[in-house]
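Numbering (the UniProt record's numbering), first residue to last: 1 to 112. Here a beta-carbon is modelled for each residue, glycine too, at the ideal position from N, C-alpha and C. Structure first, commentary second.
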């Protein structure tokens, strides 16, 4: 936000429009406009089955997997990882089940 009025104790100063135009003209010729970054939607690196296998490898090694771990190993956002794990655990034939709730939720190998 550009401030066009400056106050110091009981003295007020407001720049004239001509002065503002001249300053803008002087600074604009030396500055370049930079376009903001563009977020690119990337194709997922692994298929759903590959992501499940990768999760099972972590579960075999550690006994459980957290949401952050699942998101990290499969290069997903936490939101996408959460939605996918919910879909996986809702399927009764999948090898992954969940325990706990909220921030303490973890995913483990489903007992057969």
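Express the C-alpha separation of residue j and residue i in angstroms, rounding to a whole number.
{"i": "residue 67", "j": "residue 112", "result": "23 Å"}
{"i": "residue 88", "j": "residue 107", "result": "10 Å"}
{"i": "residue 18", "j": "residue 24", "result": "10 Å"}
{"i": "residue 63", "j": "residue 73", "result": "16 Å"}
{"i": "residue 9", "j": "residue 103", "result": "52 Å"}
{"i": "residue 79", "j": "residue 49", "result": "19 Å"}
{"i": "residue 29", "j": "residue 22", "result": "11 Å"}
{"i": "residue 43", "j": "residue 77", "result": "13 Å"}
State yes or no: is the C-beta of residue i within less than 8 Å of the C-beta of residue j?
{"i": "residue 56", "j": "residue 70", "result": "no"}
{"i": "residue 59", "j": "residue 109", "result": "yes"}
With a threshold of 7 Å on Cβ separation, who are the neighbours of residue i within its own chain once the five nearest residues in sequence on each side are excluded?
{"i": "residue 82", "result": "67"}
Please go through the same chain and pick out, in chain order, the residues whose beta-carbon is closer than 6 Å to the beta-carbon of residue i, but skip the five residues on each side of it.
{"i": "residue 115", "result": "Nothing about residue 115 can be reported from this structure: the residues present for the chain run from 1 to 112 only."}
Exercise for the section: Return the chain-ordered ranges of every alpha helix (DSSP H) run that is complete within the segment 28-104 and spans a minimum of 4 residues. Expected result: Runs of the alpha helix (DSSP H) spanning 4 or more residues and lying entirely within the segment 28-104 occur at 48-62, 67-73 and 78-90, in chain order.
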